[in-house]
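Participant:
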Ligand SMILES: [Zn+2]
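In my numbering, the protein residues as written are 2 to 241.
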């Protein structure tokens, strides 16, 4: 009986490990996906900033072109002045030059503001490029580490499955079927220790009479509440 219970405890411990490892393997693709999503978010933020930068540069070029146009208009108006005959025409031409001058000032002010923005963005854009490289590098490293971890987990799983096969060989077939059936229905736990009269899987008390029988340890028993196979957890023979 002692050996049977010890084998069942070993099998249970092995199954717990298998469950933990299998869960980690199952979660790995989502973690990998999460890493790529994190990178995509960071890259998108940077791309958006860079797009703003480009649009400011474009705006500045447009303003410079507008200024050039005003300059050529002004030159034409100044040429006209020389050939004007009447005072009225002269006044009109002067006003036109004056208006163009004001437009030009306004555009030059805007161009200056944009230039300042571009200068500070130039510094930032170098930073962004460096950040982007760093993010990519870190992403690659994280991916590599996760894949390595996954490889390790797959190796561990194989190891514990081999151990399980060995343990199963030492357990009676009917008992093994019973264990597997309970385990599959009871959240992966088929065997439970009972400590101070309490089943450690369902936390319900075992009736004193039954607990006494359990302490004797001469037969296999099930928890009357959760039906798991139980053993006396305080028994020295079952301590690891
Ligand atoms: Zn129980």
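Where a beta carbon is used, it is the ideal one built from N, C-alpha and C, also for glycine.
Taking the alpha-carbon positions, what's the residue 114 to residue 128 distance?
Facilitator: Those two C-alpha atoms are separated by around 22 Å.
Participant: Cβ of residue 205 versus every heavy atom of ligand 1: is any distance shorter than 7 Å?
Facilitator: For ligand 1, at least one heavy atom lies less than 7 Å from the Cβ of residue 205.
Participant: Applying the 10 Å Cβ sphere with the 16-neighbour rule, what's the burial state of residue 217?
Facilitator: Answer is exposed; the Cβ neighbour count stays below 16.
Participant: Report yes or no: do three or more beta-carbon pairs, one from the stretch 162 to 174 and one from the stretch 184 to 195, lie closer than 8 Å?
Facilitator: Contact between the stretch 162 to 174 and the stretch 184 to 195 is absent, because fewer than three Cβ pairs lie under 8 Å.
Participant: Would you kindly check if the distance between the Cβ of residue 85 and the Cβ of residue 94 is under 8 Å?
Facilitator: Yes.
Participant: Measuring CB to CB, does residue 109 end up less than 8 Å from residue 78?
Facilitator: It is not a contact, given that the beta carbons lie outside the stated cut-off.
Participant: Could you check what DSSP says for residue 204 in three-state terms: helix, strand or coil?
Facilitator: In the structure shown, residue 204 sits in coil (DSSP, three-state: anything other than H, G, I, E or B).
Participant: Going by Cα to Cα distance, which pick from 233, 186, 61 and 137 is closest to residue 42?
Facilitator: The shortest Cα separation from residue 42 among 233, 186, 61 and 137 belongs to 137.
Participant: Within the chosen definition, does the stretch 200 to 220 reach the stretch 32 to 41 through at least 3 CB pairs nearer than 8 Å?
Facilitator: Judged by Cβ distances under 8 Å, the stretch 200 to 220 makes no contact with the stretch 32 to 41, as fewer than three pairs qualify.
Participant: Would you check if the distance between the CB atom of residue 12 and the CB atom of residue 224 is smaller than 8 Å?
Facilitator: The answer is no: Cβ separation not under 8 Å.
Participant: Is the number of C-beta pairs between the stretch 19 to 36 and the stretch 64 to 76 that are closer than 8 Å three or more?
Facilitator: Counting Cβ pairs under 8 Å, fewer than three are found: no touch.
Participant: Work out the CA separation of residue 151 and residue 184 for me, nearest whole Å.
Facilitator: Rounded to the nearest angstrom, the two C-alpha atoms are 26 Å apart.
Participant: Ignoring anything shorter than 4 residues, give me the alpha helix (DSSP H) runs that lie fully in the stretch 179 to 240, in order along the chain.
Facilitator: List check, alpha helix (DSSP H) in window: 209 to 217.
Participant: What do you get for residue 232, buried or exposed, if any count of 16 or more other CB atoms within 10 angstroms of its CB means buried?
Facilitator: When all chains shown are included, residue 232 counts as buried.
Participant: Just verifying my parser: in three-state terms, what is the DSSP assignment at residue 173?
Facilitator: Residue state, collapsed to three classes: coil.
Participant: What separation, rounded to the nearest whole angstrom, lies between the Cα atoms of residue 159 and residue 196?
Facilitator: Answer to the nearest angstrom: the Cα atoms are 33 Å apart.
Participant: Does the beta-carbon of residue 194, which I'm using as the reference point, lie nearer than 7 Å to any heavy atom of ligand 1?
Facilitator: Not so, every heavy atom of ligand 1 lies at least 7 Å from the Cβ.
Participant: Buried or exposed for residue 123, going by 16 or more other Cβ atoms inside 10 Å?
Facilitator: Residue 123 is exposed by the Cβ-count criterion.
Participant: Check whether the Cβ atoms of residue 203 and residue 186 lie closer than 8 Å to each other.
Facilitator: No, they are not a contact pair.
Participant: Can residue 238 be considered in contact with ligand 1, in the sense that its beta carbon sits closer than 7 Å to one or more heavy atoms?
Facilitator: No; taking the cut-off as 7 Å, the Cβ of residue 238 has no heavy atom of ligand 1 nearer than that.
Participant: So what's residue 87 in DSSP terms, helix, strand or just coil?
Facilitator: The answer is coil: DSSP assigns residue 87 none of H, G, I, E or B.
Participant: Just tell me which of 176, 68 and 120 has its CA closest to the CA of residue 106.
Facilitator: The option with the nearest alpha carbon to residue 106 is 68.
Participant: Quick one: Cα of residue 174 to Cα of residue 199, how far?
Facilitator: So the alpha carbons of these two residues sit roughly 28 Å apart.
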